[in-house]
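With the sequence shown counted from 1, adding 16 to any position gets you the numbering used here. These notes concern the structure reproduced below.
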Amino acid sequence: MTNTATSAATPAASEAARDSASTDDSARAEARLAFARSALGDANATLERASVDAGFRSYWRSSCEPTRIVMDAPPGKEDVRPWLAIRDLLEAGGVRVPRVLARDVEAGFLLLEDLGAQTLLQVIDESNATGWFDAALDQLLPLQQIAPSAGFPRYDEALLARELRLFDDWLLGTHLGLPLDCALTDPLELVYRRLMDAILAQPTVLVHRDFMPRNLMPLQGGGLAVLDFQDAVVGPISYDVLSLFKDAFHGWPQELVDWGVARYRERASAAGLPVPGLADFRRDVDLIGVQRHLKVLGIFARLNHRDGKPKYLADAPRFVRYLLDVIPKHRALQPLQSVIEERVLPTIGALPSR
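Now the structure itself:
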(Lines of atoms letter the chains of each structure in order from A and count residues from 1; the text may use other names and numbers.)
(Lines give C-alpha, C1' and ligand atoms only; values in the text may rest on other atoms or scores of the structure.)
Protein backbone atom coordinates (compact mmCIF):
# COMPACT_ATOMS: atom_id res chain seq x y z
CA MET A 1 0.00 0.00 0.00
CA THR A 2 1.15 3.54 -0.73
CA ASN A 3 0.83 6.18 2.00
CA THR A 4 -0.09 9.83 1.43
CA ALA A 5 3.42 11.23 1.91
CA THR A 6 4.82 8.82 -0.64
CA SER A 7 2.06 9.61 -3.11
CA ALA A 8 2.78 13.34 -2.94
CA ALA A 9 6.36 12.78 -4.08
CA THR A 10 5.47 10.17 -6.68
CA PRO A 11 6.03 11.99 -10.04
CA ALA A 12 9.64 13.05 -9.41
CA ALA A 13 10.49 9.94 -7.44
CA SER A 14 9.02 7.67 -10.09
CA GLU A 15 10.93 9.41 -12.88
CA ALA A 16 14.19 9.15 -10.93
CA ALA A 17 13.52 5.48 -10.21
CA ARG A 18 12.84 4.79 -13.88
CA ASP A 19 16.06 6.55 -14.91
CA SER A 20 18.04 4.60 -12.32
CA ALA A 21 16.48 1.29 -13.36
CA SER A 22 17.16 2.06 -17.02
CA THR A 23 20.82 2.79 -16.25
CA ASP A 24 21.14 -0.37 -14.18
CA ASP A 25 19.49 -2.48 -16.89
CA SER A 26 21.78 -1.03 -19.55
CA ALA A 27 24.90 -1.66 -17.49
CA ARG A 28 23.75 -5.19 -16.70
CA ALA A 29 23.05 -5.90 -20.37
CA GLU A 30 26.55 -4.71 -21.31
CA ALA A 31 28.13 -6.89 -18.62
CA ARG A 32 26.05 -9.89 -19.70
CA LEU A 33 27.05 -9.51 -23.34
CA ALA A 34 30.72 -9.04 -22.43
CA PHE A 35 30.64 -12.25 -20.38
CA ALA A 36 28.95 -14.16 -23.21
CA ARG A 37 31.42 -12.98 -25.84
CA SER A 38 34.39 -13.84 -23.64
CA ALA A 39 33.03 -17.26 -22.66
CA LEU A 40 32.07 -18.11 -26.24
CA GLY A 41 35.28 -16.74 -27.74
CA ASP A 42 33.20 -14.78 -30.22
CA ALA A 43 33.48 -10.98 -30.25
CA ASN A 44 30.44 -10.70 -32.52
CA ALA A 45 28.05 -12.88 -30.49
CA THR A 46 24.63 -11.45 -29.62
CA LEU A 47 22.00 -12.51 -27.10
CA GLU A 48 18.24 -12.81 -27.25
CA ARG A 49 16.00 -13.39 -24.27
CA ALA A 50 15.18 -17.07 -23.91
CA SER A 51 13.03 -16.98 -20.76
CA VAL A 52 12.53 -15.36 -17.39
CA ASP A 53 11.35 -16.98 -14.16
CA ALA A 54 9.34 -15.87 -11.15
CA GLY A 55 12.49 -14.63 -9.41
CA PHE A 56 15.12 -12.25 -10.72
CA ARG A 57 17.03 -14.71 -12.89
CA SER A 58 16.79 -14.39 -16.64
CA TYR A 59 18.03 -16.57 -19.48
CA TRP A 60 19.52 -15.49 -22.82
CA ARG A 61 20.25 -17.50 -25.97
CA SER A 62 23.39 -16.81 -27.99
CA SER A 63 23.34 -16.24 -31.73
CA CYS A 64 26.29 -18.53 -32.49
CA GLU A 65 26.12 -22.22 -33.40
CA PRO A 66 25.77 -24.29 -31.36
CA THR A 67 23.60 -21.94 -29.36
CA ARG A 68 24.28 -21.54 -25.65
CA ILE A 69 22.29 -20.13 -22.74
CA VAL A 70 23.49 -17.37 -20.41
CA MET A 71 21.94 -17.43 -16.95
CA ASP A 72 21.88 -13.93 -15.49
CA ALA A 73 21.46 -13.91 -11.70
CA PRO A 74 22.03 -10.32 -10.51
CA PRO A 75 24.11 -10.25 -7.30
CA GLY A 76 22.13 -8.90 -4.39
CA LYS A 77 18.95 -10.39 -5.82
CA GLU A 78 20.07 -13.90 -6.78
CA ASP A 79 23.02 -16.15 -5.95
CA VAL A 80 24.27 -18.76 -8.42
CA ARG A 81 26.20 -20.70 -5.78
CA PRO A 82 23.25 -22.71 -4.40
CA TRP A 83 22.23 -23.53 -7.98
CA LEU A 84 25.74 -24.76 -8.75
CA ALA A 85 26.02 -26.79 -5.54
CA ILE A 86 22.69 -28.57 -6.09
CA ARG A 87 23.47 -29.07 -9.78
CA ASP A 88 26.68 -30.89 -8.88
CA LEU A 89 24.89 -32.99 -6.25
CA LEU A 90 22.18 -34.04 -8.68
CA GLU A 91 24.59 -34.81 -11.50
CA ALA A 92 26.69 -37.00 -9.18
CA GLY A 93 23.48 -38.87 -8.30
CA GLY A 94 22.62 -39.63 -11.92
CA VAL A 95 20.08 -36.85 -12.54
CA ARG A 96 20.30 -35.11 -15.92
CA VAL A 97 20.89 -31.41 -15.31
CA PRO A 98 22.23 -28.59 -17.54
CA ARG A 99 25.98 -28.66 -18.18
CA VAL A 100 27.94 -25.59 -17.10
CA LEU A 101 30.40 -24.43 -19.76
CA ALA A 102 31.72 -21.22 -18.15
CA ARG A 103 31.04 -19.17 -15.05
CA ASP A 104 31.61 -15.83 -13.36
CA VAL A 105 30.14 -16.50 -9.94
CA GLU A 106 30.85 -13.09 -8.46
CA ALA A 107 29.13 -11.32 -11.36
CA GLY A 108 26.23 -13.79 -11.39
CA PHE A 109 26.71 -15.18 -14.91
CA LEU A 110 26.75 -18.80 -16.08
CA LEU A 111 27.13 -20.18 -19.60
CA LEU A 112 25.03 -23.33 -20.01
CA GLU A 113 24.32 -25.84 -22.72
CA ASP A 114 21.15 -25.05 -24.67
CA LEU A 115 18.57 -27.77 -23.99
CA GLY A 116 16.06 -26.31 -26.43
CA ALA A 117 13.20 -23.85 -26.49
CA GLN A 118 10.37 -26.08 -25.25
CA THR A 119 9.75 -27.33 -21.74
CA LEU A 120 7.77 -30.48 -21.05
CA LEU A 121 4.75 -28.29 -20.29
CA GLN A 122 4.69 -27.26 -23.96
CA VAL A 123 4.76 -30.79 -25.40
CA ILE A 124 2.82 -32.95 -22.92
CA ASP A 125 -0.89 -33.61 -23.36
CA GLU A 126 -3.34 -36.34 -22.47
CA SER A 127 -2.37 -38.42 -25.51
CA ASN A 128 1.30 -38.72 -24.50
CA ALA A 129 1.20 -37.97 -20.77
CA THR A 130 1.86 -41.46 -19.43
CA GLY A 131 5.07 -41.82 -21.42
CA TRP A 132 6.32 -38.39 -20.40
CA PHE A 133 5.40 -38.93 -16.76
CA ASP A 134 7.39 -42.18 -16.77
CA ALA A 135 10.32 -40.21 -18.20
CA ALA A 136 9.90 -37.70 -15.37
CA LEU A 137 10.00 -40.52 -12.83
CA ASP A 138 13.26 -41.67 -14.46
CA GLN A 139 14.72 -38.44 -13.08
CA LEU A 140 12.75 -38.17 -9.83
CA LEU A 141 13.62 -41.63 -8.51
CA PRO A 142 17.42 -41.17 -8.63
CA LEU A 143 17.00 -37.65 -7.24
CA GLN A 144 15.16 -39.09 -4.24
CA GLN A 145 17.87 -41.71 -3.71
CA ILE A 146 20.59 -39.09 -3.24
CA ALA A 147 21.80 -38.84 0.37
CA PRO A 148 22.63 -35.17 1.10
CA SER A 149 25.08 -34.12 3.79
CA ALA A 150 23.98 -33.97 7.43
CA GLY A 151 23.68 -30.18 7.38
CA PHE A 152 21.49 -30.03 4.27
CA PRO A 153 18.40 -27.76 4.65
CA ARG A 154 15.28 -29.57 5.80
CA TYR A 155 11.58 -29.10 5.25
CA ASP A 156 11.11 -28.63 8.97
CA GLU A 157 8.21 -27.18 10.93
CA ALA A 158 9.55 -23.64 10.68
CA LEU A 159 9.72 -23.79 6.87
CA LEU A 160 6.29 -25.40 6.56
CA ALA A 161 4.76 -22.76 8.81
CA ARG A 162 6.51 -19.91 7.00
CA GLU A 163 5.14 -21.13 3.68
CA LEU A 164 1.60 -21.47 5.03
CA ARG A 165 1.76 -17.89 6.31
CA LEU A 166 2.14 -16.75 2.71
CA PHE A 167 -1.50 -17.71 2.17
CA ASP A 168 -2.60 -15.69 5.21
CA ASP A 169 -0.47 -12.63 4.62
CA TRP A 170 -0.47 -12.29 0.85
CA LEU A 171 -3.64 -13.90 -0.50
CA LEU A 172 -6.09 -13.30 2.35
CA GLY A 173 -4.63 -10.11 3.79
CA THR A 174 -2.97 -8.24 0.94
CA HIS A 175 -4.83 -9.52 -2.13
CA LEU A 176 -8.33 -10.06 -0.76
CA GLY A 177 -8.08 -7.33 1.88
CA LEU A 178 -9.46 -9.53 4.66
CA PRO A 179 -8.78 -8.67 8.31
CA LEU A 180 -6.61 -11.40 9.83
CA ASP A 181 -8.69 -11.58 12.99
CA CYS A 182 -9.32 -14.59 15.23
CA ALA A 183 -12.48 -15.57 13.34
CA LEU A 184 -10.34 -16.11 10.25
CA THR A 185 -7.02 -17.28 11.68
CA ASP A 186 -8.20 -19.69 14.41
CA PRO A 187 -9.59 -22.31 12.00
CA LEU A 188 -6.52 -21.89 9.81
CA GLU A 189 -4.18 -22.42 12.76
CA LEU A 190 -6.02 -25.62 13.66
CA VAL A 191 -5.70 -27.00 10.13
CA TYR A 192 -2.07 -25.90 9.82
CA ARG A 193 -1.18 -27.77 13.00
CA ARG A 194 -2.83 -30.93 11.72
CA LEU A 195 -1.16 -30.59 8.33
CA MET A 196 2.31 -30.07 9.77
CA ASP A 197 1.99 -33.00 12.17
CA ALA A 198 0.98 -35.31 9.31
CA ILE A 199 3.63 -33.99 6.91
CA LEU A 200 6.47 -34.21 9.41
CA ALA A 201 5.55 -37.86 10.05
CA GLN A 202 6.18 -38.81 6.40
CA PRO A 203 9.38 -40.57 5.29
CA THR A 204 11.95 -38.08 4.00
CA VAL A 205 14.06 -37.89 0.85
CA LEU A 206 15.73 -35.16 -1.20
CA VAL A 207 12.95 -32.84 -2.47
CA HIS A 208 13.27 -30.66 -5.57
CA ARG A 209 10.30 -28.46 -4.46
CA ASP A 210 9.13 -27.54 -7.98
CA PHE A 211 9.28 -30.83 -9.85
CA MET A 212 6.73 -30.11 -12.57
CA PRO A 213 6.60 -30.09 -16.39
CA ARG A 214 7.61 -26.42 -16.61
CA ASN A 215 10.95 -27.34 -15.00
CA LEU A 216 11.63 -30.41 -17.13
CA MET A 217 13.22 -30.17 -20.58
CA PRO A 218 12.75 -32.82 -23.31
CA LEU A 219 16.12 -33.84 -24.77
CA GLN A 220 16.81 -34.47 -28.44
CA GLY A 221 18.07 -37.98 -27.71
CA GLY A 222 15.11 -38.81 -25.47
CA GLY A 223 14.46 -38.39 -21.78
CA LEU A 224 14.30 -35.23 -19.71
CA ALA A 225 16.63 -32.79 -17.98
CA VAL A 226 15.76 -31.15 -14.66
CA LEU A 227 15.81 -27.37 -14.08
CA ASP A 228 15.17 -24.90 -11.23
CA PHE A 229 16.46 -27.16 -8.46
CA GLN A 230 18.33 -24.60 -6.33
CA ASP A 231 15.81 -24.65 -3.47
CA ALA A 232 16.08 -28.40 -2.82
CA VAL A 233 15.67 -29.61 0.77
CA VAL A 234 15.26 -32.88 2.64
CA GLY A 235 11.54 -33.35 3.08
CA PRO A 236 8.42 -35.52 2.66
CA ILE A 237 8.61 -38.20 0.00
CA SER A 238 5.20 -37.25 -1.41
CA TYR A 239 6.08 -33.62 -2.17
CA ASP A 240 7.59 -33.89 -5.66
CA VAL A 241 5.04 -36.50 -6.69
CA LEU A 242 2.27 -34.05 -5.86
CA SER A 243 4.07 -31.25 -7.73
CA LEU A 244 4.39 -33.40 -10.84
CA PHE A 245 0.78 -34.55 -11.08
CA LYS A 246 -1.00 -31.50 -9.61
CA ASP A 247 0.79 -28.98 -11.81
CA ALA A 248 0.82 -25.27 -11.12
CA PHE A 249 0.16 -24.45 -14.77
CA HIS A 250 -1.93 -27.33 -16.13
CA GLY A 251 -4.69 -29.46 -14.66
CA TRP A 252 -4.96 -33.19 -15.41
CA PRO A 253 -8.01 -35.49 -15.18
CA GLN A 254 -8.24 -37.17 -11.79
CA GLU A 255 -7.94 -40.59 -13.41
CA LEU A 256 -4.53 -39.64 -14.78
CA VAL A 257 -3.44 -38.22 -11.43
CA ASP A 258 -4.52 -41.43 -9.70
CA TRP A 259 -2.61 -43.49 -12.25
CA GLY A 260 0.48 -41.33 -11.78
CA VAL A 261 0.50 -41.62 -7.99
CA ALA A 262 0.09 -45.40 -8.20
CA ARG A 263 2.75 -45.65 -10.92
CA TYR A 264 5.22 -43.63 -8.87
CA ARG A 265 4.52 -45.69 -5.74
CA GLU A 266 5.09 -48.93 -7.67
CA ARG A 267 8.41 -47.76 -9.10
CA ALA A 268 9.56 -46.13 -5.85
CA SER A 269 8.92 -49.32 -3.90
CA ALA A 270 10.85 -51.33 -6.47
CA ALA A 271 13.74 -48.85 -6.16
CA GLY A 272 13.87 -49.34 -2.39
CA LEU A 273 12.58 -45.92 -1.42
CA PRO A 274 10.69 -45.63 1.91
CA VAL A 275 7.24 -45.26 0.38
CA PRO A 276 4.19 -46.46 2.35
CA GLY A 277 1.31 -48.56 1.04
CA LEU A 278 -0.82 -47.05 -1.70
CA ALA A 279 -3.78 -45.96 0.45
CA ASP A 280 -1.52 -44.24 2.98
CA PHE A 281 0.56 -42.72 0.22
CA ARG A 282 -2.51 -41.24 -1.50
CA ARG A 283 -3.43 -39.63 1.83
CA ASP A 284 0.12 -38.26 2.17
CA VAL A 285 -0.06 -36.80 -1.34
CA ASP A 286 -3.40 -35.16 -0.54
CA LEU A 287 -2.10 -33.53 2.64
CA ILE A 288 1.18 -32.23 1.25
CA GLY A 289 -0.88 -30.96 -1.67
CA VAL A 290 -3.02 -28.81 0.61
CA GLN A 291 0.11 -27.28 2.13
CA ARG A 292 1.65 -26.64 -1.30
CA HIS A 293 -1.52 -25.24 -2.84
CA LEU A 294 -1.98 -22.76 0.01
CA LYS A 295 1.65 -21.72 -0.30
CA VAL A 296 1.42 -21.26 -4.07
CA LEU A 297 -1.70 -19.12 -3.76
CA GLY A 298 0.23 -16.89 -1.38
CA ILE A 299 3.23 -16.75 -3.71
CA PHE A 300 1.08 -15.82 -6.70
CA ALA A 301 -0.44 -12.95 -4.70
CA ARG A 302 3.02 -11.83 -3.57
CA LEU A 303 4.34 -11.91 -7.14
CA ASN A 304 1.51 -9.59 -8.12
CA HIS A 305 1.60 -7.12 -5.25
CA ARG A 306 5.28 -7.04 -4.34
CA ASP A 307 7.05 -7.94 -7.57
CA GLY A 308 4.70 -6.49 -10.20
CA LYS A 309 4.11 -9.87 -11.90
CA PRO A 310 0.32 -10.23 -12.16
CA LYS A 311 0.18 -13.05 -14.71
CA TYR A 312 0.53 -15.81 -12.11
CA LEU A 313 -2.77 -14.90 -10.45
CA ALA A 314 -4.58 -16.19 -13.54
CA ASP A 315 -3.73 -19.70 -12.32
CA ALA A 316 -5.01 -19.13 -8.78
CA PRO A 317 -8.48 -20.64 -9.45
CA ARG A 318 -6.81 -23.94 -10.39
CA PHE A 319 -5.33 -24.18 -6.90
CA VAL A 320 -8.64 -23.36 -5.27
CA ARG A 321 -10.14 -26.20 -7.33
CA TYR A 322 -7.34 -28.53 -6.18
CA LEU A 323 -8.11 -27.63 -2.56
CA LEU A 324 -11.86 -28.12 -2.88
CA ASP A 325 -11.34 -31.50 -4.55
CA VAL A 326 -9.26 -32.77 -1.62
CA ILE A 327 -10.51 -31.08 1.57
CA PRO A 328 -13.89 -32.91 1.74
CA LYS A 329 -12.06 -36.26 1.79
CA HIS A 330 -10.29 -35.47 5.07
CA ARG A 331 -12.29 -34.63 8.18
CA ALA A 332 -9.32 -32.90 9.82
CA LEU A 333 -9.35 -30.26 7.06
CA GLN A 334 -13.00 -29.22 7.36
CA PRO A 335 -12.32 -25.83 9.03
CA LEU A 336 -10.30 -24.85 5.96
CA GLN A 337 -13.23 -25.62 3.66
CA SER A 338 -15.32 -22.91 5.30
CA VAL A 339 -12.54 -20.35 4.84
CA ILE A 340 -12.14 -21.22 1.16
CA GLU A 341 -15.85 -21.29 0.38
CA GLU A 342 -16.85 -18.20 2.37
CA ARG A 343 -13.81 -15.94 2.07
CA VAL A 344 -11.89 -16.93 -1.08
CA LEU A 345 -14.41 -18.26 -3.61
CA PRO A 346 -16.51 -15.09 -3.90
CA THR A 347 -13.57 -13.07 -5.25
CA ILE A 348 -11.02 -15.50 -6.73
CA GLY A 349 -12.68 -15.99 -10.14
CA ALA A 350 -14.32 -18.87 -11.95
CA LEU A 351 -12.88 -22.28 -11.09
CA PRO A 352 -11.76 -24.66 -13.85
CA SER A 353 -14.01 -27.67 -14.43
CA ARG A 354 -13.09 -30.97 -12.85
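Glycine residues also receive a C-beta, built at the ideal position from the N, C-alpha and C atoms.
- Per DSSP, reduced to three states, the secondary structure at Val291 is coil, with no helix or strand assignment.
- Non-local beta-carbon contacts of Ile102 in its own chain, meaning distances under 7 Å to residues more than five positions away in sequence, involve Phe245, Gln246, Ala248 in chain order.
- DSSP, read as helix, strand or coil, puts Pro195 in coil.
- By DSSP's assignment, Leu126 forms a beta bridge with Met87, Arg119.
- In the three-state reduction of the DSSP assignment, Pro252 falls in the strand class.
- Checking the DSSP bridge columns, you'll see Tyr75 partnered with Ser67, Met87.
- Under the three-state reduction of DSSP, Leu349 is assigned to helix.
- Around the beta carbon of Lys311, 16 or more other beta carbons lie within 10 angstroms, which makes this residue buried.
- Rounded to the nearest whole angstrom, the C-alpha separation of Ala43 and Lys93 is 16 Å.
- Within the same chain, and ignoring the five residues on either side of Ile304 in sequence, the residues whose Cβ sits closer than 7 Å to its Cβ are Ile215, Pro252, Ser254, Tyr255, Leu258.
- DSSP, read as helix, strand or coil, puts Leu216 in helix.
- Annotated as proximal: Pro333 and Ile364, with beta-carbon spacing under 8 Å.
- Straight-line measurement puts the Cα of Pro234 at about 20 Å from the Cα of Tyr280.
- DSSP places Val242 in the strand class (E or B) of the three-state scheme.
- Residue Leu243 holds the alpha-carbon nearest to the alpha-carbon of Asp226 among Ala295, Val301, Leu243.
- By the C-beta density criterion, Gly267 is buried, having at least 16 other C-beta atoms within 10 angstroms.
- Using a C-beta cut-off of 8 Å, the stretch 278-297 makes contact with the stretch 139-155, since at least three inter-stretch Cβ pairs fall below that distance.
- In the three-state scheme derived from DSSP, where H, G and I count as helix and E and B as strand, Val111 is classed as coil.
- Exclusion of the five residues before and after Glu142 leaves Trp268, Pro269, Leu272 as the residues of its chain whose Cβ lies within less than 8 Å of its Cβ.
- Residue pairing for Glu94: DSSP places it in a beta bridge opposite Pro91.
- DSSP places Arg170 within a strand segment (E or B) once states are collapsed to three.
- In the DSSP assignment, the residues bridged to Leu232 are Val242.
- Note on geometry: alpha-carbon atoms of Arg112 and Leu194 lie some 44 Å from one another.
- Under DSSP, Leu340 forms no beta bridge with any residue.
- Nearest to Asp95 by C-alpha distance, out of Glu122, Arg359, Ser354, is Glu122.
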